[in-house]
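The structure appears right after this line, and notes come after that.
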Amino acid sequence: MLKHLDRLCVSARRVSFICSMAVLLSIHALRAEDKDPLAVIELGAAGEWGLNNGGGSSFGPTAAIEFTAVKNWLEIEAGVTTLFSHGQTEWDTGIIFKKPFELSPTIEFEPGIGPVWMHTISAGRVRDAMGAEAAFDFMFWPTKDRKFGWFLEPSYS
Numbered sequence: 715m716l717k718h719l720d721r722l723c724v725s726a727r728r729v730s731f732i733c734s735m736a737v738l739l740s741i742h743a744l745r746a747e748d749k750d751p752l753a754v755i756e757l758g759a760a761g762e763w764g765l766n767n768g769g770g771s772s773f774g775p776t777a778a779i780e781f782t783a784v785k786n787w788l789e790i791e792a793g794v795t796t797l798f799s800h801g802q803t804e805w806d807t808g809i810i811f812k813k814p815f816e817l818s819p820t821i822e823f824e825p826g827i828g829p830v831w832m833h834t835i836s837a838g839r840v841r842d843a844m845g846a847e848a849a850f851d852f853m854f855w856p857t858k859d860r861k862f863g864w865f866l867e868p869s870y871s
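Shown next, in the form of structure tokens:
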């Protein structure tokens, strides 16, 4: 019984991988004439300042991947942020749906909103919470080919 289940899981993973690759290749083929990248990888630092109990701050790394779902209309960003403070670690995982606005050939503004899951470990206790996040992403591209750039993304969750 377990061998059959293991084979089924391996087969499901293979089918999932093949389907994912087919989708990515078809998207790449559709975007071949477009100069925008298939996806944008965002790496950086994050900080959070609390509003209750006199505030408090936490800092940590953040990583996300963003891709264009509908050109000039919808960009989707999926990311993870780890925040560290006194005796507490928080993992925030979210998906933000953004509307891009090109302010100049090298500057974009992308307001967005989406769900966020917060996993907090504090004093040996684990808490999980769902919420919403609003973000205001500013992308700065030093060159017109947009192979490397900077971002500033204030958000509220």
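If you want our numbering, it's the position in the sequence shown, counting the first as 1, plus 714.
Here a beta-carbon is modelled for each residue, glycine too, at the ideal position from N, C-alpha and C.
Measure the Cβ-Cβ separation of residue i and residue j and say whether it is below 8 Å.
i      : j      : result
Lys858 : Thr834 : no
Glu847 : Lys812 : no
Ser836 : Gly801 : yes
Gly845 : Ser871 : yes
Thr865 : Met853 : Correcting the residue type first, residue 865 is Phe in the shown sequence and not Thr. Yes; because the gap between Cβ atoms is below 8 Å, this pair is in contact.
Who pairs with residue i in a beta bridge, going by DSSP?
i      : result
His833 : Trp805, Asp842
Leu817 : In the DSSP output, where bridge partners are listed per residue, Leu817 has none listed.
Met812 : For the record, residue 812 in the displayed sequence is Lys; it is not Met. Its beta-bridge partners are Glu789, Gly826.
Trp763 : Ser771
Thr796 : Trp805
Is DSSP giving residue i helix, strand or coil here?
i      : result
Thr776 : strand
Ser871 : coil
Gly828 : strand
Leu752 : coil
Gly863 : coil
Thr857 : coil
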